[in-house]
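Worksheet: one structure, shown below.
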């Protein structure tokens with residue numbers, strides 16, 4: 007801002023100096039013209055006086071002019087004409103000089119105004135540049151502060167997240183430890199109970215454990231299997247109640263076993279697990295926790311049906327829908343098998 011003002015002030019001073027110099031040059035020319043005019047006017051006055059004198063003399067003498075006098079008079083006349091022409095030329099030259107002076111003044115003024123405008127424009131440009139520079143620095147500072155604030159916020163969020171995860175891990179570890187403790191306690195109680203059972207009950211417990219080593223059962227299914235093996239309902243029930251089993255895990259294993267040798271829809275597999283004695287909750291849990299492509303299951307079932315029976319496309323779709331597949335998946339399967 008200050009540099010722009012100083013530049014404008016220097017420009018104004020330079021313009022004033024140039025104008026003053028031009029005015030001084032024009033004043034010198036005017037002085038020379040004035041002196042020349044004075045000399046001419048002096049000579050004119052002398053000639054005029056001489057002419058008046060000759061005129062007066064001619065009147066007094068009243069005699070005829072000699073050829074020489076006539077020539078002199080003619081010369082004087084020519085001189086007068088020349089003086090008149092010279093006067094006109096001087097006036098014209100004076101007017102021309104004034105016109106040139108005016109043009110010079112206008113030119114000087116225009117140049118001074120132009121220079122002043124240029125200096126003003128330069129000062130404004132410098133001012134604008136300074137303002138833009140200041141704005142850019144302010145914007146940069148604002149961005150840096152914003153970035154810093156965001157980084158601090160992110161750091162705080164990550165710290166809070168880390169603390170939350172740590173707390174969650176600690177709570178999870180605590181819950182697992184408590185669960186393990188409960189399981190060990192239940193196992194200990196079951197073993198204690200097992201040891202206190204009758205010989206028949208202890209045999210039922212041993213057989214129940216052996217079955218669960220190589221296959222999966224629901225709670226009621228295992229009781230029924232032990233009864234099939236000849237144990238009484240009370241001994242079978244005692245055995246199943248005495249062993250430590252996660253029935254949801256058993257439901258998951260059985261679901262996987264079924265899918266190893268046959269095809270099911272999602273709802274069909276839930277119904278099959280319920281038929282095997284699992285609760286709807288455990289059956290649904292099992293089906294939700296296995297990795298199954300239900301479209302592939304529909305294709306397999308469609309192929310199985312076509313291996314021993316004939317179907318139209320719409321008939322096969324209806325059969326697959328009856329088995330629990332959606333219309334979309336049933337149609338997909340029918341297309342895949344070539345109908």
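Numbering (my numbering), first residue to last: 7 to 345. Think of the CB as a built atom: it goes at the ideal place given N, C-alpha and C, for glycine as much as any other residue. Computed from a predicted structure; not experimentally measured.
query, result
"How many Å lie between residue 76 and residue 86 at the Cα?", "15 Å"
"Could you spell out where the alpha helix (DSSP H) holding residue 286 opens and where it closes?", "286 to 294"
"Assuming residue 330 and residue 274 form a contact by the criterion Cβ under 8 Å, report the distance between their Cβ atoms to the nearest whole angstrom.", "4 Å"
"Kindly indicate which three-state DSSP category residue 274 falls into: helix, strand or coil?", "helix"
"Counting only the same chain and skipping the five closest in sequence on each side, list residues whose C-beta sits under 8 Å from that of residue 310.", "268 and 269"
"Hey, which unbroken runs of the alpha helix (DSSP H) at 4 residues or more fall wholly within the region 190 to 262?", "205 to 220, 225 to 234 and 239 to 248"
"Three-state secondary structure (DSSP) at residue 341?", "helix"
"Apply the 10 Å Cβ neighbour rule to residue 287 and answer buried if 16 or more other Cβ atoms are within range, or exposed otherwise.", "exposed"
"In three-state DSSP terms, what is residue 316?", "coil"
"Could you check which residue in 143, 338 and 256 has the C-alpha nearest to that of residue 282?", "256"
"Is the separation between the beta-carbon of residue 272 and that of residue 293 shorter than 7 Å?", "yes"
"So, at 8 Å on beta carbons, what are the nonlocal neighbours of residue 204 in its own chain, with the 5 sequence-adjacent residues on each side left out?", "241"
"In whole angstroms, what separates the C-alpha of residue 62 from that of residue 34?", "42 Å"
"Drop a sphere of 10 angstroms on the beta-carbon of residue 137, count the other beta-carbons inside from all chains shown, and report buried for 16 or more, exposed for fewer.", "exposed"
"Just verifying my parser: in three-state terms, what is the DSSP assignment at residue 281?", "helix"
"Expressed to the nearest angstrom, what Euclidean distance is found between the alpha-carbon atoms of residue 212 and residue 228?", "12 Å"
"Would you kindly check if the distance between the Cβ of residue 332 and the Cβ of residue 284 is under 7 Å?", "no"
"Going by C-alpha distance, which of 264, 324 and 314 is nearest residue 298?", "264"
"Would you call the CB atoms of residue 336 and residue 327 closer than 7 Å?", "yes"
"Under the three-state reduction of DSSP, which class applies to residue 328: helix, strand or coil?", "helix"
"With distances taken between CB atoms, is the gap from residue 237 to residue 210 smaller than 7 Å?", "yes"
"When the Cα of residue 243 is compared with those of 280, 276, 252 and 230, which residue comes out closest?", "230"
"Which class does residue 157 belong to by DSSP, given the choice of helix, strand or coil?", "helix"
"Specify the secondary structure class of residue 59 as computed by DSSP and reduced to three states.", "helix"
"With distances taken between CB atoms, is the gap from residue 254 to residue 291 smaller than 7 Å?", "yes"
"Are there 16 or more other CB atoms within 10 angstroms of the CB of residue 296, so buried, or fewer, so exposed?", "exposed"
"So, helix, strand or coil for residue 95, using DSSP?", "helix"
"Would you mind sorting residue 315 into buried or exposed? The rule is 16 or more other CB atoms within 10 Å of its CB.", "exposed"
"Pull up the distance between the alpha-carbon of residue 266 and that of residue 303, whole angstroms please.", "11 Å"
"Express the C-alpha separation of residue 325 and residue 345 in angstroms, rounding to a whole number.", "14 Å"
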